[in-house]
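Protein chains in written order, with our numbering: chain A, 165 to 641; chain B, 6 to 189. First up is the structure itself, then whatever we jot down about it.
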Amino acid sequence: MAERDAFERQFAEAVRAYAAGAPTEVDAGALVRSLAATTPRVGRLVRVAGWRLPGLAYLWVLLALALLLASMLGLSLAGGLPDLRLLGIAPAPTRRASLPAVVPPTSPVASALPTRTTPEATPAPPYGAGLTWSGFAPLPRFGAGHALTNPTVGDVTAGGPGFVAVGSDWVAADQAVAVAWLSADGRTWTEHRIGIPGTTSLLATPALSSVATGGGRLVAVGRVGIWRSTDGADWEQALGPDELDGVPLRVAWAVGRFVAIGRSVGDPCAARVWLSTDGTAWLPVALPDAAGVCPTALAGGAGGFLAAGLDPITGRTALMCSSDGLAWTLAPAQAAFEGNGHPEGVARAGNRWIAFGSFLPGGASERGVAVWTSTDGLAWRRTALLRPAGADACDPGSAHMLGMAPYGPGYVAVGRCTVSPEQVGIAWASTDGTAWQPVLGRVRPMLAVASDGTRLVALGADWPGYAPITSSAVLAP
Amino acid sequence: MGVTETADTADRALAAVVSQAAAGDDVAFARIVATFHADMARVAYVVGGGDRELAEDAVQSAWTIAWCRLRTLRDPCRVRAWLLSVTANEARQLLRRRRRAATVGLEFAEERVGAPDAAGPVTAADVAGILARCSPDERALIALRYAAGYDSAEIGTLLGISASGVRSRLERLLDRIRRDLANG
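Encoded structure:
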């Protein structure tokens with residue numbers, strides 16, 4: 165008996181070691197976007213030729229409702245029923261008139277706000293009202309690329325010849341190569357391969373997920389390690405995946421140095437930080453003992469660096485800040501993020517740190533876009549809860565703010581929302597990073613944005629094909 | 006006391022995230038993906054006998070099912086067990102289909118794996134040979150017990166059999182594996 169128990173313990177250990185070879189990489193956001201675009205949320209699936217497909221039961225319900233409405237309409241026309249509008253089922257106008265861009269006071273989202281930071285209406289056009297976007301163009305590929313898969317984009321920054329975007333492109337069904345796309349004007353782009361293709365999964369994050377510029381250099385990080393360049397076209401590997409005790413996910417430049425943040429190879433919720441002054445020599449940085457954080461966002465600015473993520477134990481937002489990239493402080497739990505507030509990105513605006521993401525106020529049934537601010541990175545307050553321009557068309561709770569960049573005298577943020585069944589782009593503008601105004605109407609979904617001071621470039625997706633696209637914008641005086 | 010409180014807090018946080026995801030919140034669903042994807046991949050990998058492609062297909066299929074059916078989950082705190090059982094089931098079905106479709110190729114693969122090493126303690130390398138000799142159902146049992154860490158009662162609930170049934174199957178399976186290892 166004891167022998168069997170000892171064997172079982174030994175066997176269990178061996179199975180766990182064997183299972184460590186499993187493909188555990190995943191880009192959760194990309195997976196969810198893919199599911200949202202291709203799979204309706206219905207309760208039943210049927211298997212057709214080996215593939216699971218949504219069941220058709222809901223079609224019968226729709227058909228029954230259509231028949232019921234048609235018969236009632238017929239009776240109404242014949243005078244057999246009172247006016248259908250009294251029953252609340254008369255056909256709605258095809259397009260509602262434009263609603264106020266901010267949350268209506270009767271909405272549970274609005275009622276949960278301590279104070280309204282965006283006015284109901286402004287007599288003068290708000291900052292960003294004159295923002296106009298050029299046509300969205302697909303990013304170029306080597307040859308035709310792999311026919312069935314689109315490139316995967318990670319990030320965009322101002323640098324090199326003008327703008328540099330990074331990601332990965334597919335050269336075979338299971339082989340991708342890291343790439344940089346370069347543009348001088350934000351309109352015409354060229355693709356540059358970085359390193360050699362490697363086997364990867366369609367579910368994996370882009371080979372390069374983040375890029376930053378500083379000190380006349382570019383640094384890009386991702387699953388293929390840390391790479392540096394001076395012009396964006398020729399890249400050198402600073403550290404390969406095997407030389408890093410983790411996977412770098414985001415990189416930022418501030419106070420004369422680059423900081424990359426990522427996660428341990430074996431544990432997605434053990435944060436890792438690396439530091440470099442030149443992009444070539446990198447130093448792993450020790451983190452506070454409590455830094456059990458699934459990192460998601462990083463920003464640099466005059467105040468140093470700010471990283472955001474998720475505490476895997478409590479499910480709450482975790483924030484770390486550092487003035488020099490070497491010594492990091494974990495922010496105490498913040499009441500401002502209660503209500504399942506979760507930043508999707510962070511940025512520096514003037515003398516403030518900004519976190520932006522989503523929030524579900526108590527008593528509300530729909531998630532809103534939220535902006536939090538802090539002067540020291542440790543004490544935070546929620547300053548705005550926004551609905552995008554044209555939010556009357558967005559499905560409730562579907563708006564996401566995903567990228568932010570300084571532009572002109574203020575800041576512009578971009579994102580996406582669902583207007584069933586498609587995804588559309590949305591944007592906001594702010595003069596101080598605190599009070600935000602929705603701008604723009606309906607454009608393509610946007611994932612990241614960068615500015616060189618005079619031009620704005622957004623990286624987006626051609627929904628639902630996911631072909632990465634870019635667009636440049638200018639702000640009318 | 007503190008540990009219990011922490012576990013309760015984590016359970017409540019998890020239940021809240023699952024409820025939001027079931028209500029259609031994409032961000033909450035992405036958090037579930039980030040939290041459980043690795044566990045699901047390990048289970049699928051063991052059931053698939055080390056086939057990474059099969060593991061990826063099984064996990065993707067499991068996420069599609071979860072996307073559609075999460076709202077049918079009765080107890081949000083049991084989301085991990087639910088996801089892992091869906092994954093094991095998908096991997097089992099994919100394995101059966103591929104075995105039927107490519108019997109010749111699989112036989113070659115089994116021959117190539119070779120017999121486990123009888124000398125010394127059982128290792129991860131031995132597991133490949135052991136799994137090659139197991140049925141899809143036995144692999145699912147091994148994955149849920151040793152890769153996911155569930156006990157017999159929990160596995161019984163997931164697979165719809167009694168806890169004692171799971172125990173006796175595991176005992177028989179382990180005895181057979183020990184015999185195989187001893188016989189080389």
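Using N, Cα and C, we set each Cβ at its ideal position, and we do this for glycine too. The structure displayed is predicted, hence computed values, not measured ones.
Residue i versus residue j - alpha carbon distance
i                   : j                : result
glycine 154/B       : valine 38/B      : 19 Å
alanine 322/A       : alanine 376/A    : 8 Å
alanine 43/B        : alanine 67/B     : 13 Å
proline 361/A       : arginine 177/B   : 46 Å
alanine 152/B       : threonine 296/A  : 53 Å
valine 190/A        : valine 317/A     : 15 Å
isoleucine 390/A    : alanine 194/A    : 22 Å
serine 167/B        : arginine 97/B    : 20 Å
serine 615/A        : serine 347/A     : 13 Å
cysteine 73/B       : alanine 200/A    : 10 Å
arginine 197/A      : tryptophan 353/A : 25 Å
arginine 17/B       : glycine 532/A    : 22 Å
phenylalanine 171/A : serine 173/B     : 16 Å
alanine 692/A       : valine 535/A     : Look at the range of chain A in this structure, 165 to 641, and you will see that residue 692/A is not part of it.
aspartate 395/A     : aspartate 475/A  : 38 Å
isoleucine 358/A    : proline 525/A    : 44 Å
tyrosine 575/A      : threonine 634/A  : 19 Å
Check whether residue i and residue j have beta carbons under 8 Å apart
i               : j                : result
leucine 88/B    : leucine 59/B     : no
threonine 203/A : threonine 92/B   : no
glycine 521/A   : glutamate 508/A  : yes
alanine 344/A   : alanine 384/A    : yes
glycine 617/A   : aspartate 30/B   : no
glycine 589/A   : proline 570/A    : no
proline 684/A   : tryptophan 438/A : The question about residue 684/A has no answer, for chain A in this structure spans 165 to 641.
serine 393/A    : aspartate 319/A  : no
glycine 541/A   : leucine 483/A    : yes
glycine 378/A   : tryptophan 417/A : yes
alanine 145/B   : valine 52/B      : yes
glycine 597/A   : glycine 473/A    : no
alanine 593/A   : arginine 546/A   : no
arginine 47/B   : alanine 186/A    : yes
alanine 637/A   : leucine 620/A    : yes
alanine 435/A   : valine 415/A     : no
glycine 579/A   : alanine 557/A    : no
Beta bridge counterpart(s) of residue i as assigned by DSSP
i                : result
valine 576/A     : Ala569/A, Ala593/A
histidine 356/A  : Ala344/A
isoleucine 390/A : Val385/A, Leu403/A
threonine 316/A  : Ser332/A
cysteine 558/A   : The partner list for cysteine 558/A (beta bridge, DSSP) is empty, contrary to what the question assumes.
serine 298/A     : Serine 298/A is not bridged to any residue.
leucine 483/A    : Ala472/A
glycine 378/A    : Arg381/A
proline 140/A    : Outside the shown range of chain A, which is 165 to 641, sits residue 140/A, and nothing can be said about it.
Span of the beta strand (DSSP E), counted from its first residue to its last, around residue i
i                : result
glutamate 400/A  : 400 to 403
glutamate 642/A  : The question about residue 642/A has no answer here: the residues shown for chain A are numbered 165 through 641.
alanine 183/A    : Taken as a continuous stretch (DSSP letters only), alanine 183/A belongs to no beta strand (DSSP E), being part of the alpha helix (DSSP H) at 166 to 183.
valine 437/A     : 435 to 440
arginine 421/A   : 421 to 427
alanine 472/A    : 468 to 474
glutamate 189/A  : Note, glutamate 189/A: premise wrong, no beta strand (DSSP E); not H, not E.
isoleucine 477/A : First-last for isoleucine 477/A: undefined, no H or E at that position.
valine 132/B     : It is not in any beta strand (DSSP E) - valine 132/B instead sits in the alpha helix (DSSP H) that spans 129 to 137.
glycine 161/B    : From DSSP, glycine 161/B is part of no beta strand (DSSP E) but of the alpha helix (DSSP H) over 157 to 164.
arginine 546/A   : 545 to 550
proline 448/A    : 447 to 449
Residue span of the alpha helix (DSSP H) that contains residue i, given as start and end
i               : result
proline 141/B   : 141 to 147
isoleucine 70/B : 57 to 74
threonine 264/B : This structure leaves residue 264/B out entirely; chain B is present only between 6 and 189.
leucine 175/B   : 168 to 188
Exposed unless 16 or more other CB atoms sit within 10 angstroms - verdict on residue i
i               : result
glutamine 174/A : exposed
leucine 19/B    : buried
glutamine 339/A : exposed
serine 538/A    : buried
serine 584/A    : exposed
leucine 550/A   : buried
serine 262/A    : In this prediction, serine 262/A has a pLDDT of 30, which is less than 50 and means its spatial position is unreliable; what the coordinates show is noted afterwards. Exposed.
alanine 148/B   : buried
arginine 168/A  : exposed
alanine 234/A   : exposed
Residue i CB to nearest heavy atom of the ligand GDP below 7 Å
i              : result
cysteine 485/A : Among the components of this structure there are no ligands whatsoever, and the ligand GDP is therefore not found.
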